[in-house]
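Contents: one structure, followed by commentary.
Printed below as a string of structure tokens:
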């Protein structure tokens, strides 16, 4: 939603603003939660408490995937 507002408002965000929004919109945090849920008993309260702390591995994965997506879609535009 934020990215759409930026686009339609012709706003160019700072890299920090962009990456904060991009980490969420790429879906890695949600995919990580679903992955743990699929593991059955391994998905305990401790795991979800850890995920709520925004671990570096999830943020880094989000950043890498978002940048790869941007590079790929840039070639198509």
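Residue numbers (the numbering used here): -12 to 64.
Don't be surprised by glycine CBs; every beta carbon is placed ideally from N, CA and C.
Note that the structure is a prediction, hence the values are computed from the model and not measured.
Inset, instruction - Assign residue 16 to one of three DSSP states: helix, strand, or coil. - result: helix
Inset, instruction - For residue 39, count neighbouring Cβ atoms within 10 angstroms of its own Cβ and tell me buried if that reaches 16, exposed if not. - result: exposed
Legend entry - The alpha helix (DSSP H) enclosing residue -10, as first and last residue numbers: Secondary structure note for residue -10: its alpha helix (DSSP H) is the uninterrupted segment -11 to -5.
Legend entry - Buried or exposed (CB count within 10 angstroms, at least 16 for buried), residue -9: Residue -9 comes out exposed.
Legend entry - Enclosing alpha helix (DSSP H) for residue 36 [first to last residue]: 32 to 39
Inset, instruction - Starting from the C-beta of residue -1, find all residues in its chain whose C-beta is less than 8 angstroms away, skip the five residues before and the five after it, and write them out in chain order. - result: -7
Inset, instruction - Measure the CB-CB distance between residue 50 and residue 10 and report whether it falls below 9 angstroms. - result: It is a contact, given that the beta carbons lie within the stated cut-off.
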